[in-house]
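Please read the structure below before turning to the comments.
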Amino acid sequence: MKIKENLKEIADLIAFIKLQAFFFLISPFSIHFLNKLAEILGLLAYLLLFPRRRTALKNLDIAFGDSKTAKEKKKIARECFQNFIKGILEMRYYYVHGPAEINRRFSYKGLENYTEAVKRGPVLLISGHIGQFPIMVCKFLLDKYEMHLILKAVSNKYIEKLFNVYRQRLANPEDIFRTIIYYKPRFLALKKSLRELKAGHSLFIFVDQRFSGGIHTNFFGAKVLTATGADTLARKSGASVLPAFIIREGSKHVIHIGKPLTITPDEQENTQLFTDQIEKTIREHPAQWWWFHKRW
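Right, here's the structure in full:
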């Protein structure tokens with residue numbers, strides 16, 4: 048077991064060094080060059096990462112069935128890989144150019160829905176792995192909104208530390224770790240999240256991951272296991288619940304914030320409602336979701 052842990056430690060360090068070297072090489076380039084590079088690298092990833100490509104195409108078959116042709120599904124899958132690479136390269140770009148560039152390229156649609164909800168008390172924002180979601184919270188923090196994020200740490204501890212350095216630079220808070228709530232251990236994440244909500248703060252939670260537990264909801268007409276954490280937080284805190292998704296528009300990004308959702312005492316009903324918000328956004332922007340993630 049110790050040997051296995053040591054080998055993983057070495058592999059993680061090597062991966063971190065390679066990523067840092069790559070980030071250093073692309074630092075001088077413009078956002079438009081990086082987007083073109085990401086399209087090439089994303090295409091290569093689509094062609095070479097067969098297991099991930101197979102998962103993406105299988106998911107697309109489940110989601111769209113005969114409503115989309117095989118050619119259309121392959122195009123969505125390919126663009127999904129390309130958008131994923133764009134997101135990674137953009138993290139470095141914004142780190143190099145700083146918060147001013149985020150303010151120039153990121154905007155809101157429906158911000159009044161959030162600002163009005165904040166006046167009434169805590170706000171729970173539900174979102175998913177769509178568009179440039181890692182920087183979405185950074186934009187809120189830059190604009191001085193009291194925002195927290197439930198986050199799953201990257202398994203590579205070196206890369207996770209690097210991303211936290213980036214988050215600190217991009218969001219410019221006094222302490223980035225004050226804004227992050229790691230979702231494991233879950234009981235502690237729930238406790239911290241409720242504490243922030245009851246203090247009147249806002250909290251982002253992603254509700255599109257696959258979990259071994261939870262309850263079944265309908266997602267694109269098929270049953271999936273969905274975590275009930277968002278429902279628990281909403282009902283126990285009394286927070287307003289708003290959908291918030293960031294959509295890529297070329298080299299710019301728009302954060303779409305919806306109106307407050309109606310929360311009921313029923314766990315199943317609320318969790319299905321949250322899942323419906325994810326599905327609606329994916330249907331509108333299918334190439335911007337992580338189809339290579341095993342959701343079904």
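Read in order, the letters of the sequence shown are residues 48 to 343 in my numbering.
Note that beta-carbon positions come from the ideal geometry of N, C-alpha and C, so glycine has one too.
Owing to the predicted nature of the structure, the values given are computational and were not obtained by experimental measurement.
Which of helix, strand or coil DSSP assigns to residue i
i: Lys186; result: helix
i: Val170; result: strand
i: Lys49; result: helix
i: Ser259; result: coil
i: Lys29; result: The requested residue 29 does not occur in the structure, where the chain is confined to residues 48 to 343.
i: Phe22; result: Outside the shown range of the chain, which is 48 to 343, sits residue 22, and nothing can be said about it.
i: Phe253; result: strand
i: Thr328; result: helix
i: Thr264; result: strand
Rounded separation between residue i and residue j - CA only
i: Leu241; j: Ser284; result: 6 Å
i: His340; j: Thr102; result: 7 Å
i: Asn53; j: Arg342; result: 31 Å
i: Ile50; j: Phe69; result: 29 Å
i: Pro348; j: Thr318; result: It is not possible to answer for residue 348, since the shown part of the chain is limited to 48 through 343.
i: Glu126; j: Glu86; result: 8 Å
i: Arg282; j: Arg151; result: 37 Å
i: Ile310; j: Lys239; result: 22 Å
i: Asn160; j: Arg257; result: 29 Å
i: Pro75; j: Leu60; result: 25 Å
i: Gln188; j: Arg139; result: First, the residue type needs correcting, since residue 188 is Leu and not Gln in the sequence shown. Those two C-alpha atoms are separated by around 18 Å.
i: Tyr142; j: Leu81; result: 14 Å
i: Lys118; j: Trp338; result: 16 Å
i: Val254; j: Leu320; result: 11 Å
i: Phe234; j: Thr279; result: 12 Å
i: Gln335; j: Lys65; result: 26 Å
i: Ile73; j: Phe63; result: 16 Å
i: Gly268; j: Glu296; result: 28 Å
i: Lys270; j: Thr264; result: 6 Å
i: Tyr230; j: Ala277; result: 12 Å
i: Asp323; j: Phe266; result: 7 Å
i: Glu137; j: Phe131; result: 10 Å
i: Ser202; j: Lys115; result: 35 Å
Expected contact under 8 Å - CB spacing of residue i and residue j to nearest Å
i: Tyr192; j: Ser249; result: 6 Å
i: Arg244; j: Gly260; result: Here the sequence assigns Leu to residue 244, which means Arg is not the residue at that position. Leu244 to Gly260, Cβ: 22 Å. No contact.
i: Glu221; j: Thr275; result: So it is not a contact: roughly 33 Å between Cβ atoms.
i: Thr226; j: His195; result: 5 Å
i: Gln129; j: Gly89; result: 3 Å
i: Ala164; j: Pro307; result: 6 Å
i: Ile197; j: Ile228; result: 5 Å
i: Gly134; j: Pro181; result: 7 Å
i: Ile293; j: Met183; result: 4 Å
i: Pro169; j: Gly247; result: 5 Å
i: Ser287; j: Arg167; result: 6 Å
i: Ala218; j: Cys185; result: 4 Å
i: Ile78; j: Ser298; result: 5 Å
C-beta neighbour in chain B for residue i, strict 8 Å
i: Gly112; result: Structure shown: chain B not included; a single protein chain is present.
Validate contact between the segment 292-309 and the segment 321-335 using beta carbons, cut 8 Å, 3 pairs: Yes, they touch.
Validate contact between the segment 106-121 and the segment 136-147 using beta carbons, cut 8 Å, 3 pairs: When C-beta atoms of the segment 106-121 are compared with those of the segment 136-147, fewer than three pairs fall below 8 Å, so the two segments do not count as touching.
Entirely enclosed beta strand (DSSP E) segments - the segment 174-248, minimum 3 residues: You should have 194-198 and 227-229.
Residue ranges of each beta strand (DSSP E) within the segment 267-326, 3 or longer: Qualifying beta strand (DSSP E) stretches, in chain order: 269-273, 287-296 and 299-304.
contact_flag[the segment 165-177, the segment 204-212] where n(CB pairs < 8 Å) is 3 or more: Below 8 Å, too few C-beta pairs join the segment 165-177 and the segment 204-212 to call them touching: fewer than three.
The segment 149-161 contacting the segment 81-100, beta-carbon criterion three pairs below 8 Å: The segment 149-161 makes no contact with the segment 81-100, as fewer than three CB pairs between them are under 8 Å.
Whole alpha helix (DSSP H) elements within the segment 136-167, 4-residue minimum: Segments of the alpha helix (DSSP H) lying fully in the segment 136-167: 146-152 and 158-167.
Secondary structure, alpha helix (DSSP H): runs of 4+ residues fully inside the segment 65-105: Runs of the alpha helix (DSSP H) inside the segment 65-105: 78-95.
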